[in-house]
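**Q** I am attaching a structure below and will ask some questions about it afterwards.
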DNA sequence: ATGGTAGAGGATCTA
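See below:
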């Protein structure tokens, strides 16, 4: 079973890249963030044409998440239960007894912003919900755009970014609180290239200089860690015309 | 201190 996540920064613009990527990589499930589409505009036919079903929840202009899958997902959820939120940032479904939770964590803007407080509150609500989901679904994958670089090796210039949004102590504590529920960062299960990142600012030639951050993650519950065979970042999509500022991350699980 | 780019939507807001 192959599971992937990709913040596409507008599915309308990135649709040809997404369908090409599905054909080339054949994931069982691809999780998308920042689709930036209202539900009535979701391109179900174009995605169906390459053999994938879609479930999605979106809104005008911002946010929006989706699950593209070969098989039909069950128990689809499109909000964190008990957390009032106008922003469409989560979608979850179950495939082969594997609970797949796709998240688009708020960016936070900067640590003085109201958006930062919203981010921390959102992460707290996520934690409470994932704790409950792990009881129901021992095979669980939490993946998406976390907007958190967990440790200094995940940041191109940790001295400059120290304490700033995406790297602040409170955000990192919220990330490790998720791991403490019984989740593992699949990327660090394996040897990886130095300076591996998943996002580079569009500005200042950040990608060419590899001035990025690793903020997109695939976390696995303990039951899935033992059957995880690989986790890789696909930088190739950042070299295409009109790229997203994020690139896909994918895991391979055996025996599923 | 500011700007640099991209996307949505039609002026700014978000990232």
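Residue numbers (this note's numbering): 2 to 257.
Backbone N, C-alpha and C define an ideal beta-carbon position, used for all residues, glycine too.
Predicted model, so just to flag it, every value in this text is computed and none were measured.
1) Residue 198 and residue 213 - do their beta-carbons sit closer together than 7 Å?
2) Output the distance between the C-alpha atoms of residue 96 and residue 141, rounded to the nearest integer angstrom.
3) Measure the CB-CB distance between residue 149 and residue 187 and report whether it falls below 7 Å.
4) Taking C-alpha atoms, which residue in 33, 230, 46 and 256 lies nearest to residue 93?
5) Please classify residue 112 as buried or exposed, where buried requires at least 16 neighbouring CB atoms within 10 angstroms.
6) Return the chain-ordered list of same chain residues with a C-beta closer than 6 Å to the C-beta of residue 60, the five sequence neighbours on each side being excluded.
7) Name the one or two DSSP bridge partners that residue 250 has.
8) Excluding the 5 residues flanking residue 243 on each side, which residues of the same chain have their C-beta closer than 7 Å to its C-beta?
9) Suppose you measure from the CA of residue 225 to the CA of residue 75; what does that come to, to the nearest Å?
10) Might you give, ordered along the chain, the residues of its own chain that have their beta carbon closer than 6 Å to the beta carbon of residue 79, omitting 5 neighbours on each side?
11) Can you list, in chain order, the residues of its chain with a C-beta nearer than 7 Å to that of residue 130? Leave out the 5 residues immediately preceding and following it.
12) Are the region 35-46 and the region 60-70 touching, with three or more C-beta to C-beta distances below 8 Å?
13) Can you tell me the Cα-Cα spacing of residue 190 and residue 85, whole angstroms?
14) Between 164, 233, 104 and 100, which has its C-alpha nearest residue 194's C-alpha?
15) Nearest by alpha-carbon distance to residue 116: which of 44, 172 and 252 is it?
16) Tell me residue 1's beta-bridge partners as DSSP assigns them.
17) Just list the alpha helix (DSSP H) runs in the region 132-156, keeping only unbroken ones of 4 residues or longer that don't cross its boundaries, in chain order.
18) Identify whether residue 198 lies in helix, strand or coil by the three-state DSSP scheme.
19) Compare the beta carbon distance of residue 24 and residue 4 with 7 Å and say whether it is the shorter of the two.
20) Let me check understanding here. Comparing Cα to Cα, which of 99, 165 and 175 lies closest to residue 123?
21) How should residue 154 be labelled, buried or exposed, when 16 other C-beta atoms within 10 angstroms of its C-beta is the threshold for buried?
22) How is the beta strand (DSSP E) around residue 176 delimited, first residue to last?
**A** According to the structure shown:
1) Locating residue 213 in the first chain gives position 212, counting from the first residue. Locating residue 198 in the first chain gives position 197, counting from the first residue. Yes, these two residues count as a Cβ contact at 7 Å.
2) To locate residue 96, count along the first chain from 1; it is residue 95. To locate residue 141, count along the first chain from 1; it is residue 140. Their backbone Cα atoms lie some 10 Å apart in a straight line.
3) Position 148 of the first chain, counting from 1, holds the residue named residue 149. Position 186 of the first chain, counting from 1, holds the residue named residue 187. No. Outside cutoff.
4) Working through the first chain from its first residue, we reach residue 93 at position 92. The shortest C-alpha separation from residue 93 is found at 33.
5) As a working mapping, residue 112 is identified with position 111 in the first chain. Answer is buried; the Cβ neighbour count reaches 16.
6) The count along the first chain starts at 1 and reaches residue 60 at position 59. Taken in chain order, the residues that qualify are 89.
7) Taking the first residue of the first chain as 1, we reach residue 250 at position 249. 6 and 234.
8) Along the first chain, read from residue 1 onward, the residue named residue 243 stands at position 242. Answer for residue 243: 14, listed in chain order.
9) Within the first chain, residue 225 is the residue found at index 224, counting from 1. Within the first chain, residue 75 is the residue found at index 74, counting from 1. So the two alpha carbons sit approximately 19 Å from each other.
10) Translated into positions along the first chain, residue 79 becomes position 78. Counting only Cβ-Cβ distances below 6 Å, and skipping sequence neighbours, we find 58 and 92.
11) Here residue 130 is taken as the residue at index 129 of the first chain, counted from 1. Residues 81 and 82 of the same chain have their beta carbon placed closer than 7 Å to that of residue 130, with the five preceding and five following residues left out of the count.
12) yes
13) Stepping through the first chain from its first residue, residue 190 is reached at position 189. Stepping through the first chain from its first residue, residue 85 is reached at position 84. The straight-line gap from Cα to Cα measures roughly 35 Å.
14) In the first chain, residue 194 corresponds to position 193, counting from 1. Nearest C-alpha to residue 194: 233.
15) As a working note, residue 116 is residue 115 in the first chain. Among 44, 172 and 252, the Cα nearest to that of residue 116 belongs to 172.
16) Lying before the first or after the last residue shown, residue 1 is absent from the chain, which here runs from 2 to 257.
17) none
18) The residue you call residue 198 lines up with position 197 of the first chain. Three-state DSSP puts residue 198 in coil, outside helix and strand.
19) Counted from its first residue, the first chain places residue 24 at position 23. Counted from its first residue, the first chain places residue 4 at position 3. Their beta carbons are not under 7 Å apart, which means residue 24 does not touch residue 4 by this criterion.
20) Here residue 123 corresponds to residue number 122 of the first chain, with the count starting at 1. Taking only the C-alpha atoms, the option nearest residue 123 is 175.
21) By 1-based counting over the first chain, the position of residue 154 is 153. Label assigned to residue 154: exposed.
22) Along the first chain, read from residue 1 onward, the residue named residue 176 stands at position 175. It is not in any beta strand (DSSP E) - residue 176 instead sits in the alpha helix (DSSP H) that spans 170-180.
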